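Numbering (the working numbering), first residue to last: 254 to 812.
Beneath this line is the structure, given in structure tokens, with notes to follow.
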Ligand SMILES: [Zn+2]
């Protein structure tokens with residue numbers, strides 16, 4: 254919409270522009286001379302906009318918007334740079350405390366190859382400062398980002414220490430590697446049986462190799478010692494951790510993130526101190542979820558900065574990246590035949606979904622494989638039949654491997670998938686474990702878009718890097734860091750990827766009326782990009798520099 258003189262009458266009465274020219278409420282900020290992709294179908298492109306009180310109040314041509322400026326208005330000349338709505342990550346573990354305080358053995362943010370020796374050295378260093386009997390733990394390991402081209406093993410970790418239990422967690426979150434001391438403390442031997450929910454892996458000679466998957470890891474929960482902190486120390490740690498990760502999010506262009514649990518009190522303190530730079534859809538788990546159910550806190554409680562969203566992911570199977578998700582066919586080339594781990598039963602899942610749904614809380618289940626997506630949909634369909642709710646939007650976190658029947662049921666029940674985004678680039682080295690036939694049905698953004706299903710972006714950080722531009726490149730090219738392309742049939746366009754990263758994320762938390770597009774009346778969350786993803790080499794989208802990130806009209810990151 255233009256704001257020429259002739260348009261002023263329209264501005265005064267038009268519902269899409271809330272500013273009043275000449276009134277004392279001049280805009281706080283105007284952006285002019287931009288290539289603005291609004292993600293608003295009513296006005297997809299514009300040059301300029303005005304912001305007041307943390308919201309967009311008008312869009313239009315640069316001259317018209319400039320004419321709204323008063324003496325105190327900050328004017329930002331975008332100099333023909335690209336502007337998009339603030340990006341939304343609909344599934345993130347926000348592991349700030351790990352990043353700040355723990356031993357990081359891989360690169361959380363980018364593709365980087367490390368050596369097993371470097372992992373052992375880092376852990377040895379930590380072991381030197383740790384009393385015997387206490388855990389020494391490494392994080393952000395990625396089994397396909399190791400220069401040695403072999404698996405990390407119990408023998409490597411025995412080099413770290415024989416006095417400490419030692420573990421290295423895969424960044425995917427579903428497998429962990431242990432040393433002999435840890436296995437001994439947990440009473441695990443080579444004759445300990447596997448279960449449907451998790452495995453103790455063996456080498457070709459039948460000896461434990463140290464890798465343990467999914468629920469089998471429960472035996473390590475209560476063995477060994479861990480540092481303890483007073484409530485005051487814990488609060489300070491959590492506060493610093495959340496402030497730290499908030500800075501990382503906005504540095505990459507995220508203005509809203511769906512957090513998997515975390516310290517809600519610390520989050521509020523970070524906000525009070527002015528250090529919360531992104532908006533949080535808080536996805537409750539464990540005690541907090543129980544409190545919500547029993548005390549009557551439903552989805553939507555909170556405000557535009559911290560709001561209760563769906564539940565945290567209710568885990569139903571294993572992981573894509575670690576190859577433990579539940580498949581209806583055996584994993585190609587794996588002996589003995591293996592179809593992944595199912596970590597719940599249909600009956601338990603039905604009960605959980607029904608209880609949460611009845612409490613007015615948006616359900617959210619983690620299901621990667623076609624087996625468990627089917628189970629989750631069965632539970633959703635049952636809950637909705639027993640207790641119909643309008644506008645039902647159950648989340649399926651990951652929703653990785655689909656088929657035509659699952660697609661139809663997802664659409665029919667109104668479920669919102671949040672598949673991996675950055676994996677298309679970051680984890681292409683794992684696609685060969687599934688093969689082209691399965692990859693044509695994994696992270697199926699094309700299928701979702703064609704079916705009219707508003708799939709949102711779920712980086713799943715730690716498992717995937719959260720950079721939205723890396724996510725966009727993965728969705729647009731399906732080409733990995735190693736140059737391999739898998740499931741090219743699932744490619745989507747830059748505009749479709751932008752919707753996934755913005756308005757669909759808002760929809761996933763019932764917030765599409767207040768965020769997800771540059772629309773008058775919505776929260777003024779946006780990102781300025783140094784290049785236009787529509788015109789750069791698609792293989793360079795991930796390298797586009799974030800020039801500025803603005804949340805609620807306030808600049809929270811500047812290059
Ligand atoms: Zn997750």
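Beta carbons: idealized from backbone N, C-alpha and C, even for Gly.
Note that the coordinates shown come from a computational prediction; the quantities given were computed from them, not determined experimentally.
Looking at residue 513 and ligand 1, is the gap between the Cβ and the nearest heavy atom below 8 Å? Because some heavy atom of ligand 1 lies under 8 Å away, the Cβ of residue 513 counts as near it: yes.
Apply the 10 Å Cβ neighbour rule to residue 513 and answer buried if 16 or more other Cβ atoms are within range, or exposed otherwise. By the neighbour-count definition (other C-beta atoms within 10 Å, threshold 16), residue 513 is a buried residue.
Does ligand 1 have a heavy atom nearer than 8 Å to the CB of residue 716? Answer for residue 716: yes, Cβ within range of ligand 1.
Is residue 670 helix, strand or coil when you go by DSSP? Note: residue 670 maps to strand in three-state DSSP.
heavy atom of ligand 1 below 8 Å from residue 650 C-beta: Short note on residue 650: C-beta closer than 8 Å to some heavy atom of ligand 1.
Consider the C-beta atom of residue 417 and the heavy atoms of ligand 1; say whether any pair is separated by less than 8 Å. Residue 417 has its CB no nearer than 8 Å to any heavy atom of ligand 1.
Touching or not, the region 593-611 and the region 630-643, by the rule of three or more beta carbon pairs under 8 Å? With the cut-off at 8 Å, the region 593-611 and the region 630-643 touch.
Residue from 305, 335, 289, 429 with nearest C-alpha to residue 321: By alpha-carbon distance to residue 321, the top candidate from 305, 335, 289, 429 is 305.
In its own chain, which residues sit with a C-beta less than 8 Å from the C-beta of residue 365, not counting the 5 before and 5 after it? In the same chain as residue 365, and ignoring 5 residues on each side of it, the C-beta atoms closer than 8 Å to its own belong to 359, 398, in chain order.
Contact belief for residue 602 with residue 623 at Cβ below 8 Å, rounded distance in angstroms: About 15 Å separates the two Cβ atoms, so there is no contact after all.
Counting only runs that start and end within the region 667-755, where is the beta strand (DSSP E) found for 3 or more residues in a row? Entirely contained in the region 667-755, the beta strand (DSSP E) runs reaching 3 residues are, in chain order, 669-671.
Is the region 400-408 touching the region 384-391 in the sense that three or more CB pairs, one from each, lie closer than 8 Å? At 8 Å Cβ cutoff, the stretches do not touch.
May I have a chain-ordered list of the alpha helix (DSSP H) segments no shorter than 4 residues that lie completely inside the region 546-614? Counting only runs of 4+ residues, the alpha helix (DSSP H) found wholly inside the region 546-614 occupies 599-611, in chain order.
Going by DSSP, what residues sit across from residue 513 in a beta bridge? The partner list for residue 513 (beta bridge, DSSP) reads 536.
Could you check the C-alpha separation between residue 508 and residue 290 for me, to the nearest Å? Their Cα atoms are separated by approximately 16 Å.
Compare the Cα-Cα distances from residue 463 to each of 479, 437, 573 and report the closest residue. Comparing Cα-Cα distances from residue 463 to each of 479, 437, 573, the minimum goes to 437.
If you reduce the DSSP assignment to three classes, tell me which class residue 275 lands in. Note that residue 275 has pLDDT 47, beneath the 50 cutoff, so the model's placement of it is unreliable and no number is given.
Compare the Cα-Cα distances from residue 466 to each of 489, 429, 533 and report the closest residue. Checked all of 489, 429, 533; the closest Cα to residue 466 is 429.
Strictly by DSSP, which residues pair up with residue 292? None; residue 292 has no bridge partner.
Within the same chain, show all residues whose beta-carbon is closer than 7 Å to that of residue 284, passing over the 5 residues directly before and after it, in chain order. If we look at residue 284 and ignore the five residues flanking it on each side, its Cβ neighbours are 301, 302, 329, 331, 336.
Please indicate yes or no: does the CB of residue 571 lie closer than 8 Å to some heavy atom of ligand 1? No, since every heavy atom of ligand 1 falls outside the 8 Å radius drawn around the Cβ of residue 571.
Which of the three DSSP states is assigned to residue 424 in this structure? In this structure, DSSP gives residue 424 a state outside helix and strand, which the three-state scheme calls coil.
Just confirm the distance between the C-beta atoms of residue 755 and residue 774, as a whole number of angstroms; I'd bet it's less than 8 Å. Taking 8 Å as the upper bound for CB-CB distance, residue 755 and residue 774 are not in contact here, some 16 Å apart.
Could you check the C-alpha separation between residue 440 and residue 475 for me, to the nearest Å? Distance between the alpha carbons of residue 440 and residue 475 is about 12 Å.
Taking the alpha carbon of residue 348 as the reference point, which residue from 553, 400, 715 has its own alpha carbon closest? Looking at the Cα atoms, 715 is the closest of the given residues.
Based on DSSP bridge pairs, tell me the residues matched to residue 451. DSSP links residue 451 through a beta bridge to 448.
Would you check if the region 447-454 and the region 581-597 touch, i.e. whether three or more CB-CB distances between them fall below 8 Å? Because the criterion of three Cβ pairs below 8 Å is met, the region 581-597 and the region 447-454 touch.
Touching or not, the region 350-359 and the region 523-534, by the rule of three or more beta carbon pairs under 8 Å? These segments do not touch.
Contact between the region 706-725 and the region 744-758 (3+ Cβ pairs under 8 Å): Taking a cut-off of 8 Å on C-beta distances, the region 706-725 touches the region 744-758, as three or more cross pairs fall below it.
Status (buried if at least 16 other CB within 10 Å, exposed otherwise) for residue 505: Around the beta-carbon of residue 505, 16 or more other beta-carbon atoms lie within 10 Å, marking it buried.
Which of helix, strand or coil does DSSP assign to residue 363? Secondary structure of residue 363 (DSSP, three-state): coil.
Cα-Cα separation, residue 496 to residue 432: Approximately 34 Å between the Cα atoms of the pair.
Which residue's Cα is closest to the Cα of residue 650: 342, 325, 661, 704? Of the candidates 342, 325, 661, 704, the residue whose Cα lies closest to the Cα of residue 650 is 342.
Kindly list the residues whose CB is nearer than 6 Å to the CB of residue 635, restricted to its own chain and excluding five residues on each side of it in sequence; keep chain order. Counting only Cβ-Cβ distances below 6 Å, and skipping sequence neighbours, we find 603.
Within 10 Å of its beta-carbon, does residue 338 have 16 or more other beta-carbons around it, so buried, or fewer, so exposed? By the neighbour-count criterion, in which a residue is buried when 16 or more other Cβ atoms sit within 10 angstroms of its Cβ, residue 338 is buried.
Kindly identify the DSSP beta-bridge partner or partners of residue 430. Per DSSP, 421, 464.
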